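Undergrad: There's a structure below that I have some questions on.
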């Protein structure tokens with residue numbers, strides 16, 4: 003085995019271990035929140051020591067940020083892929099609904115965001131800035147889409163894009179929270195689609 007082959011093998015092993023830690027951390031943080039989710043529990047899920055976790059991620063805060071960055075990157079890549087080459091408007095709102103469908107198919111993600119978003123309302127929480135930025139991004143995407151639809155005369159009478167964008171994100175949060183309590187009774191995707199359809203005059 004050459005030194006180059008050995009190095010590549012070592013890198014792949016390290017990347018694989020980091021991925022395992024991130025997935026374990028996402029589960030622990032979703033179940034217990036950041037404050038009560040321990041490195042001990044994360045390490046146990048992966049079968050390594052706490053020192054092993056900290057070897058790959060320098061601190062618990064670094065690990066939290068990596069978990070959120072990974073999830074955020076996946077969502078934004080999916081959104082970009084679905085809207086690539088299409089102007090803001092109905093296509094972006096459809097992609098928004100598709101992201102929610104993705105989340106429903108990965109329930110741990112809804113739990114992760116719901117638990118951490120509530121916990122991170124405190125200004126000193128390490129994820130406070132992340133969630134503030136995430137809400138800004140979601141509202142901005144909805145706002146830009148609704149503005150474009152207004153310019154195309156495709157909004158229903160009386161709909162104000164800025165207010166409607168904030169309301170849609172609030173509706174999404176509420177639906178996902180209700181879904182965690184009653185997944186058999188709440189149709190998150192269908193109810194969100196209906197809420198959007200009440201704003202626009204073109205089929206979603």
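In the numbering used here, the protein residues as written are 3 to 206.
Don't be surprised by glycine CBs; every beta carbon is placed ideally from N, CA and C.
Nothing here was measured: the structure is a model prediction, and the numbers come from that model.
Which ranges does the alpha helix (DSSP H) cover as unbroken runs of at least 4 residues, wholly within the region 49 to 93, from first to last along the chain?
TA: 52 to 58 and 62 to 85
Undergrad: Under a Cβ-count criterion, where at least 16 other Cβ atoms within 10 Å of its own Cβ denotes burial, should residue 8 be classed as buried or exposed?
TA: Locating residue 8 in the chain shown gives position 6, where the first residue counts as 1. Here the model assigns residue 8 a pLDDT of 46, short of 50, so the residue's position is not dependable and the matter cannot be decided.
Undergrad: Name the residue from 50, 119 and 16 whose alpha carbon lies nearest to the alpha carbon of residue 176.
TA: Counting from one through the chain shown, the residue named residue 176 turns up at place 174. Measuring from the Cα of residue 176, the nearest candidate turns out to be 119.
Undergrad: Where does residue 102 fall in DSSP's three states?
TA: Position 100 of the chain shown, counted from the start, is the residue given in the question as residue 102. Helix at residue 102.
Undergrad: Would you call the region 11 to 30 and the region 66 to 79 in contact, with 3 or more CB pairs under 8 Å?
TA: yes
Undergrad: Buried or exposed: residue 94, going by 16 or more other Cβ atoms within 10 Å of its Cβ?
TA: Looking up residue 94 in the chain shown gives position 92. Its Cβ being crowded by 16 or more others within 10 Å, residue 94 is buried.
Undergrad: Could you check the C-alpha separation between residue 63 and residue 130 for me, to the nearest Å?
TA: Within the chain shown, numbered from 1, the residue matching residue 63 stands at position 61. Within the chain shown, numbered from 1, the residue matching residue 130 stands at position 128. The straight-line gap from Cα to Cα measures roughly 12 Å.
Undergrad: On a CA-only basis, which of 157, 166, 191 and 159 is nearest residue 143? Give me that one, please.
TA: For the purposes of this step, residue 143 is taken as residue 141 along the chain shown, with counting starting at 1. Of the listed residues, the one whose Cα sits closest to residue 143 is 166.
Undergrad: If residue 190 sits next to residue 102, beta carbons under 8 Å apart, how far is it from one beta carbon to the other, in whole angstroms?
TA: As a position in the chain shown, residue 190 is number 188, starting the count at 1. As a position in the chain shown, residue 102 is number 100, starting the count at 1. Confirmed, about 6 Å.
Undergrad: Taking buried to mean at least 16 other C-beta atoms within 10 Å of its own C-beta, is residue 39 buried or exposed?
TA: As a position in the chain shown, residue 39 is number 37, starting the count at 1. The residue is buried, with at least 16 neighbouring Cβ atoms inside 10 Å.
Undergrad: With DSSP as the reference, identify every bridge partner of residue 202, one or two as the case may be.
TA: Counting from one through the chain shown, the residue named residue 202 turns up at place 200. Paired residue(s): 157.
Undergrad: Tell me whether residue 2 sits in a helix, a strand or coil according to DSSP, three-state version.
TA: The chain is shown from 3 up to 206; residue 2 falls before or after that span and cannot be answered.
Undergrad: Out of curiosity, what's the CA-to-CA distance linking residue 195 and residue 54?
TA: Here residue 195 refers to the residue found at position 193 when the chain shown is read from its first residue. Here residue 54 refers to the residue found at position 52 when the chain shown is read from its first residue. Their Cα atoms are separated by approximately 44 Å.
Undergrad: Check for me: the alpha helix (DSSP H) holding residue 117 runs from which residue to which?
TA: Numbered from its first residue, the chain shown carries residue 117 at position 115. Its alpha helix (DSSP H) spans residues 109 to 121.
Undergrad: Could you tell me the distance, in whole angstroms, from the CA atom of residue 141 to the CA atom of residue 168?
TA: As a working note, residue 141 is residue 139 in the chain shown. As a working note, residue 168 is residue 166 in the chain shown. Taking the straight line joining both Cα atoms gives about 6 Å.
Undergrad: Near residue 24, which residues of its chain fall below 7 Å by C-beta distance, leaving aside the five closest residues on each side in sequence?
TA: On the chain shown, position 22 is the one that residue 24 refers to. So the qualifying residues of the chain are 68, 69 and 72.
Undergrad: Measuring straight from C-alpha to C-alpha, what distance separates residue 202 and residue 113?
TA: Taking the chain shown and counting its residues from 1, one reaches residue 202 at position 200. Taking the chain shown and counting its residues from 1, one reaches residue 113 at position 111. If you take the alpha carbons of residue 202 and residue 113, they lie about 30 Å apart.
Undergrad: Can you tell me where the alpha helix (DSSP H) with residue 167 in it begins and where it stops?
TA: If you number the chain shown from 1, residue 167 lands on position 165. First-last of the alpha helix (DSSP H) with residue 167: 163 to 183.
Undergrad: In three-state DSSP terms, what is residue 188?
TA: Stepping through the chain shown from its first residue, residue 188 is reached at position 186. Residue 188 sits in coil when the DSSP states are folded into three classes, being neither helix nor strand.
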